[in-house]
Amino acid sequence: MTEPLLQIKSLNKSFGALKATDDVSLTLYPREIHALIGPNGAGKSTLIKQVAGGLQPNSGEIWFDGRDVTGLSTVARARAGLGRTFQISSLAMEYTVLQNAVLGALGHSGAVWRFFNPVMGNAPLRNAAIAALERVGLVEHAAKRTADLSHGQRRLLEVAVALTLQPRVFLMDEPMAGLGASGSKRLTGFLDGLRSEAPILLVEHDMDAVFALADRISVLVYGKIIATGTAEEIRSNPAVREAYLGEEDAA
Amino acid sequence: MSRATLINTALFLMLPITALVALALDEPFIITLATKVAILALAGVGLNIALGLGGLVSLGHAAFFGIGGYAMGILAHHAQTFTPLMEAPFLLEGTKFMPVIWVVAVIAGALAALAIGALSLRTSGVYFIMITLAFGQMLYYFAISWPAYGGEDGLSIYVRNGFPGLNTLDPIQFFVLCFVILALVLFCTGRLAAAPFGLALSAARQNAERVETVGLSPYRLRLLAFVISGAVTALAGALFADLNRFVSPTMLSWHMSGEIMIFVILGGVGRLFGPVAGAALFILLEHVLGGLSDFWHVYLGLLLLLVVLFARGGMIGLAAGREVAHD
Amino acid sequence: MSTLLLIEQVLNGLQFGVMLFLMAAGLTLIFGVMGLINLAHGSLYMVGAFAAAAVAGATGSFVLALIASLIAAAAAGAIIELVVIRRLYDRDHLDQVLATFALILIFSEGTRWVFGSFPLFLDIPDALAGPVLLPGGIQYPAYRLLIIAIGLLVAFGLFQLIARTRIGIQIRAGESDREMIAALGVDISKLYTLVFALGAALAGLAGALVGAIQSVQVGMGEPVLILAFVVIVIGGIGSIKGALVGALLVGLTDTLGGVLLPGFFGTFMETSAATAVGSSLASMSIYILMAGVLLFKPTGLYGSA
């Protein structure tokens, strides 16, 4: 079997008495979508944050592409090829949609220390940005101010910016939220194709999308992974049904 | 042409027109005032790179203004007393040659901004404000207590420094020199704001997390912005000292920092021409209100309070309506 | 340097430190509870000093003068809180800086308008004018000892207020969660006015106490304000304990630096150069202290992130 591209090794993070991440280990292989599900407050976003670099774990390691990145900053991890989207959209709100995408392309090119020629007139950056917007279906909104986008559109823009980074791994925190049924379906189709470019660690509440997409699913409850397996295995796992899916059925 | 562009053009032309009219009417004092506006506007343009583009509320920019002033004062002082700046390890003479003075001022301002910025930018928000203020004050007290260059009394220069081909003592010639520098810096700042660096810097102001996520370091972007900002403000300081033929610790005082910030705010934060409008208004108020009352700072304070509480886009914002800055 | 002189300088440093604490405590409380940076805090210090000088001039009573400084500064604080400051709580720091800078201009020029440009003098009461003999044969001015005592007393009182009273609980709650305290049914705008007036009163008291040693003049609050900022940066924003530790550190560093550094350089340089280098470095010493703290703890000694 191939080596995992991303490997989380016994990660722990506490906030006071609360164990937000409790001995979590997890792998992500090339061409795979690994979904992370769990009830609200299970620590999914906290885990993503530790992988992306915004939060230092108390113990444990994060390995990416054969090297330990636990000590690296968010910036260094992004440059190494971790492409992240946020649960709560984190964009430059005064900028246009296109400017946000160009910012991503600029980050990928690394050629930020240029002081004279207009960035929006830079053809390679602009083309990369527009291509990414096209792929998520936002290109007709390119000139809109980001603050004027709907929540769903902002999620798509998050995905588009991540695309401009051409990352080796995607970390996506609830990209479907606020999209509506048809939007979710479209994005599901898109992510399905995206896995051939780079594997995705996907946090998602939309169970239809998760079961349609995920090669493997890990279930996080109270900071602990209680099960990892294929959609079938997870569906039939009694512990998961009790801790998580049962609640969903009741709701 | 948008309304903001029209206003910017009008503002920009207002200075040379004022100077030319004053020349025709033989009012050298007015030309000197216009020169003062151009120089103070330049200081504001410098601060605006940190404040408007980078969102860095520096209350210590008088440090760079004063460093520029002292760069001029020290070099010219040694030149006029025919004493070398230092003899070991190599001989360094003073100079009365403006271009050299400017280069020294810019480098000194940039280095000071690098040192202050590297420390202050480890923090943010209200810490950053207090720390820049404190470092500015440190240089102020240093200038007062360091006796070699006049201490509290400052340094006087007998004759304004020279520029090849110009008689800098002629008010209109010195005005043109300062105005051309302002125009060049405005042009470059405009380019900077639209360049890759400007896009990333401005994004870091709006959302630092986003910038990190695309693999760019907000700290480095901000530090460079702070260095450029300090360098431009130091250049303005060198010109200001040359205008007055005098430099003293007053240029380093925190009131100066506050005033430079007022130029930016009165005009409108983040607007390229904001500091020009702000400095012009400030000098106008100083002379109109200052003529009416010795206590004109009360009115200035009230005006500033009104602008902050009720007109957040500054004058250009009021005049141009609800347009976005940086177009 | 003799030990006696050194002890005297340490006492001077303590006296300076507790004065800075009176300023910094108000600033840090106001920042901690309301999230506001108040540049006009130095103006309240000045208001206290002028009120004390005016009342002392009219009545000849130093006690009345101190009371007047507290009342005048608290009243001025409450008024600016009601008229200006409360509009700034939801604004960004830039707006707060500018608006409170505007207040400084108004206060300074307004005071000059009313009292003129010449400094006023506030005399130390006769009973406290002389020196006291301390154990070990140290002669030290009684008035400065009184300042140290008042400062430490206020510090003690503040700690008690925050730790034990109802208002203290509200203040601590307000620091951590504004919505929660509103939900508790506390009238938050009254609490804010109260905290602001309390901070102002402390600044006014400091102004009056120092006014008797130095002169009472326009702009006297600004150098102190900036030092108080240094204190807060060192101690950590929002922490009263940090303000106390920071204030004493800054007070001692500044006083001892001014005395010791020229002597230190004098051991290996000629006297005039040593004085120049020493006093220049001394003027920078507290900022160097601040830079050092920043390098190792960017949020200050007692600050949270």
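Protein chains in written order, with our numbering: chain Y, 1 to 251; chain G, 1001 to 1327; chain P, 2001 to 2305.
Even for Gly, the Cβ is constructed at its ideal location relative to N, Cα and C.
request  = Could you name the residues of the region 122-133 of chain Y whose beta carbon sits closer than 9 Å to any beta carbon of chain G, in the order they occur along the chain?
outcome  = Listed in sequence order: N122 and L125.
task = Can you have a look at P:A2129 and say buried or exposed, based on whether 16 or more other CB atoms are within 10 angstroms of its CB?
result = Note on P:A2129: under 16 other CB atoms within 10 angstroms of its CB, so exposed under the neighbour-count rule.
message = I'd like the list of long-range same chain contacts for G:E1259, defined as Cβ closer than 6 Å, with 5 residues on each side in sequence excluded.
response = Taken in chain order, the list of residues that qualify is empty.
ask   = Relative to chain G, which residues along the region 2256-2278 of chain P have a C-beta separation below 7 Å, given in chain order?
value = Taking 7 Å as the Cβ-Cβ cut-off, the region 2256-2278 of chain P approaches chain G at A2276, given in chain order.
request  = Return helix, strand or coil for G:Q1137, following the three-state DSSP convention.
outcome  = Note: G:Q1137 maps to helix in three-state DSSP.
ask   = Which chain Y residues sit within Cβ distance under 7 Å of G:N1167?
value = Correct list: empty, because the minimum Cβ distance to chain Y is about 33 Å.
ask   = Looking at chain Y, which residues of the region 1214-1233 of chain G have a Cβ within less than 7 Å of any of its Cβ atoms?
value = Listed by position, the residues of the region 1214-1233 of chain G near chain Y (Cβ gap below 7 Å) are V1214, G1215, L1216 and S1217.
query = Under a CB-based cut-off of 9 Å, is Y:E94 close to chain G?
reply = Proximity of Y:E94 to chain G, defined by a Cβ-Cβ separation below 9 Å, is satisfied.
request  = Determine the direct distance from the alpha carbon of Y:L11 to that of P:E2222, and round the result to whole angstroms.
outcome  = Taking the CA atoms as reference points, P:E2222 sits about 51 Å from Y:L11.
request  = Kindly indicate if chain Y contains any beta-carbon less than 9 Å away from that of G:V1324.
outcome  = Because the pLDDT of G:V1324 is 43, which lies under 50, any placement of that residue in the model is unreliable, and the number read from its coordinates should be weighed accordingly. For G:V1324, the answer is yes, since a Cβ of chain Y falls inside 9 Å of its Cβ.
G:A1148 classed as buried or exposed, judged by whether at least 16 other C-beta atoms fall within 10 angstroms = Exposed, since its Cβ has fewer than 16 Cβ neighbours within 10 Å.
ask   = Taking the alpha-carbon positions, what's the G:A1325 to G:R1271 distance?
value = For G:A1325, the predicted model reports a pLDDT of 42, less than 50, meaning its position is unreliable; a value from the coordinates is still stated below. Roughly 5 Å separates the two Cα atoms.
ask   = On the three-pair Cβ rule with 8 Å, is the region 1047-1057 of chain G touching the region 1298-1305 of chain G?
value = The way I'd put it, the region 1047-1057 of chain G doesn't touch the region 1298-1305 of chain G; fewer than three beta-carbon pairs between them come closer than 8 Å.
request  = Mind checking the region 2079-2102 of chain P against chain G and listing, in chain order, the residues whose C-beta falls within less than 9 Å of any C-beta there?
outcome  = Across the region 2079-2102 of chain P, CB contacts with chain G closer than 9 Å involve V2084, R2087, L2088, R2091, D2092, H2093, L2094, D2095, Q2096, V2097, L2098, A2099, F2101 and A2102, in sequence order along the chain.
inquiry  = According to DSSP, is P:M2046 part of a helix, a strand, or is it coil?
reply    = P:M2046: helix per DSSP, three-state reduction.
key: Cβ-Cβ distance between Y:L6 and Y:T27 below 9 Å   = When the beta-carbon positions are compared, Y:L6 and Y:T27 come within less than 9 Å of each other.
task = With distances taken Cα to Cα, identify the nearest neighbour of G:P1218 among G:L1306, G:F1012, G:L1053 and G:Q1137.
result = Per the Cα distances, G:L1053.
query = So, P:V2230 versus P:V2250, is the Cβ gap smaller than 9 Å?
reply = Yes, the Cβ-Cβ distance between P:V2230 and P:V2250 is below 9 Å.
task = Whole angstroms is fine: what's the gap from P:L2205's alpha carbon to P:L2225's?
result = Going by C-alpha positions, P:L2205 is about 14 Å away from P:L2225.
query = How about Y:I200 and Y:L157: do their beta carbons lie closer than 9 Å?
reply = In terms of Cβ geometry, Y:I200 and Y:L157 do not form a close pair [threshold 9 Å].
query = How is the alpha helix (DSSP H) around Y:H34 delimited, first residue to last?
reply = Y:H34: not part of any alpha helix (DSSP H); member of the beta strand (DSSP E) spanning I33 to I37, first to last residue.
message = Strictly under 9 Å for the Cβ-Cβ distance: is P:I2007 near chain G by that measure?
response = Answer no: the Cβ-Cβ gap between P:I2007 and chain G never drops below 9 Å.
message = Please confirm whether P:P2223 has its beta-carbon closer than 9 Å to some beta-carbon of chain G.
response = It does; some Cβ of chain G falls within 9 Å.
Simplified DSSP assignment, three categories, for Y:A250 = Note that Y:A250 has pLDDT 42, beneath the 50 cutoff, so the model's placement of it is unreliable and the number below is only indicative. Residue state, collapsed to three classes: helix.
ask   = Which residues in the same chain have their Cβ closer than 6 Å to the Cβ of P:L2261, if we skip the five residues on either side of it in sequence?
value = Hits under 6 Å: G2278, L2281 and A2282.
request  = Give a yes or no on whether the C-beta atoms belonging to Y:G38 and Y:K13 are separated by under 9 Å.
outcome  = Result no, Cβ atoms of Y:G38 and Y:K13 do not sit closer than 9 Å.
task = May I have the straight-line CA-CA distance separating P:P2141 from P:V2132, to the nearest angstrom?
result = Answer to the nearest angstrom: the Cα atoms are 6 Å apart.
task = Mind checking the region 131-152 of chain Y against chain G and listing, in chain order, the residues whose C-beta falls within less than 7 Å of any C-beta there?
result = From the region 131-152 of chain Y, no residue has a Cβ closer than 7 Å to chain G.
message = I'd like to check one pair, P:L2066 with P:A2053: are the Cβ atoms closer than 9 Å?
response = Going by C-beta atoms, P:A2053 is not nearer than 9 Å to P:L2066.
message = Can you check whether the C-beta of G:R1210 is within less than 9 Å of a C-beta belonging to chain Y?
response = By this cut-off, G:R1210 is an interface position.
Span of the beta strand (DSSP E), counted from its first residue to its last, around Y:W63 = Segment S59 to F64, the beta strand (DSSP E) holding Y:W63.
inquiry  = Would Y:L163 and Y:R126 qualify as a contact pair, given that the criterion is a beta-carbon distance under 9 Å?
reply    = Taking 9 Å as the Cβ cut-off, Y:L163 and Y:R126 do not qualify as a contacting pair.
message = Counting only beta-carbon separations shorter than 9 Å, does Y:P175 have a partner in chain G?
response = No, no contact with chain G.
ask   = Considering Y:P175, what are the terminal residues of the beta strand (DSSP E) in which it resides?
value = For Y:P175, no beta strand (DSSP E) encloses it, and the DSSP letter there is neither H nor E.
request  = Throw me the rounded Cβ distance for the G:G1060 and G:G1136 pair, which I believe falls under 8 Å.
outcome  = Indeed, because the Cβ distance is near 3 Å, the residues count as touching under 8 Å.
ask   = Which runs of the alpha helix (DSSP H) spanning at least 4 residues fall entirely within the region 123-181 of chain Y, listed in chain order?
value = The qualifying runs are 123-136 and 151-164.
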